[in-house]
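Student: Quick one: this structure, given as structure tokens, is what I'll be asking you about.
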Amino acid sequence: MQNTVLFGNGINRLSDDAVSWNDLLDKIKGVNKFENGNLPNTMVYERVFMEKHIPEHSQKADEVDIKNTIADAMKSQGSNEVFEKLVSLDINNYLTTNYDYAFEKALKINAQKLSTEDIYSLRRKREYNLNKNVKYLWSIHGEIEHPKSIMLGLDHYCGSVSKIESYVKGTYKHIVDGKNQSVEPMSTKLKKSSYCFTSWIDLFFSSNIHIIGLSLDYSE
-16 MQNTVLFGNG INRLSDDAVS WNDLLDKIKG VNKFENGNLP NTMVYERVFM EKHIPEHSQK
44 ADEVDIKNTI ADAMKSQGSN EVFEKLVSLD INNYLTTNYD YAFEKALKIN AQKLSTEDIY
104 SLRRKREYNL NKNVKYLWSI HGEIEHPKSI MLGLDHYCGS VSKIESYVKG TYKHIVDGKN
164 QSVEPMSTKL KKSSYCFTSW IDLFFSSNIH IIGLSLDYSE
């Protein structure tokens, strides 16, 4: 069975120019500063959105404005020695809950962008062709290059869970090159021991997942 790495924001914190989530949340609050207390990041985000949303405006437009601010702030996130060690592993697939490209900066090569998704991230991946092998980075919570895909609000999380359920049941549909595509139910894939790897979800059923830099708290 192949190995897969799932990494989170804990590795980002080791960078000299790490983007602090507390600073980031304070930035999107604007002038209406409030103490986070014990609120998880998802709930802080929901409160910021509710306070900033103007009834006469589109909810989606207001939310995109906030996510654009987050994306701009995270562009400066740098890489570090841990990322350099991760990319040197004999592993093809990497999953991340991070929105930035610190992993890509450690590779020092340009990616081939393979995602056609706008909001959700079941198929969101970047391909890196190295001399000896190919590596894939799956941004399972969205990425800063597509701010609308950044997953923070509870509605976005719930929508993603619904997509995952659909994928596992085999009712998930998507379009590639103008053609409708479908996937087999996971139960069928398990019986056949054959996976299409259309989504990172297949990796949870077909590989050993090694988790690093994730606290697995309420927000995660």
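The sequence shown runs -16 to 203 under our numbering.
Note that beta-carbon positions come from the ideal geometry of N, C-alpha and C, so glycine has one too.
Treat the numbers as computed from the prediction; the structure is a model and nothing was measured.
Could you tell me the distance, in whole angstroms, from the CA atom of Lys108 to the CA atom of Glu128?
Tutor: Rounded to the nearest angstrom, the two C-alpha atoms are 12 Å apart.
Student: Which of the three DSSP states, helix, strand or coil, is assigned to His36?
Tutor: Note: His36 maps to coil in three-state DSSP.
Student: Go ahead and pull the three-state DSSP assignment for Asn116.
Tutor: Coil at Asn116, not helix or strand.
Student: Given a threshold of 16 other Cβ atoms within 10 Å of its Cβ, counted over all protein chains shown, does Gly(-9) qualify as buried or as exposed?
Tutor: Per the 10 Å Cβ criterion, buried.
Student: If I measure Cβ to Cβ from Asn63 and keep anything under 6 Å in the same chain, skipping five residues before and after, which residues do I get?
Tutor: Taken in chain order, the residues that qualify are Leu(-3) and Ser(-2).
Student: How would you label Asp55, buried or exposed, when you count the other beta carbons within 10 angstroms and need 16 or more for buried?
Tutor: The residue is exposed, with fewer than 16 neighbouring Cβ atoms inside 10 Å.
Student: Please state if the CB of Val(-12) and the CB of Tyr77 are separated by a distance shorter than 9 Å.
Tutor: Taking 9 Å as the Cβ cut-off, Tyr77 and Val(-12) qualify as a contacting pair.
Student: Enumerate in chain order the residues of its own chain whose CB-to-CB distance from Leu173 is below 8 Å, with the five nearest sequence positions on each side excluded.
Tutor: The residues are Phe188.
Student: State buried or exposed for Ile123, treating a residue as buried only when at least 16 other CB atoms are found within 10 Å of its CB.
Tutor: Buried, since its Cβ has 16 or more Cβ neighbours within 10 Å.
Student: Give me, in chain order, the residues of the same chain whose beta-carbon lies closer than 8 Å to that of Lys118; leave out the 5 immediate sequence neighbours on both sides.
Tutor: Once the five neighbours on either side are set aside, the close Cβ partners of Lys118 are Val70, Ile74, Asn75, Asn76, Tyr77, Leu90, Glu110 and Tyr111.
Student: Taking the beta carbon of Val144 as the centre, do at least 16 other beta carbons fall within 10 Å, making it buried, or is it exposed?
Tutor: Label assigned to Val144: exposed.
Student: Going along the chain, which residues of its own chain have a beta-carbon closer than 6 Å to the beta-carbon of Asn51, five neighbours each way excluded?
Tutor: Hits under 6 Å: Pro130.
Student: Tell me, which residues are paired with Gln164 by DSSP?
Tutor: BP columns for Gln164 point to His157.
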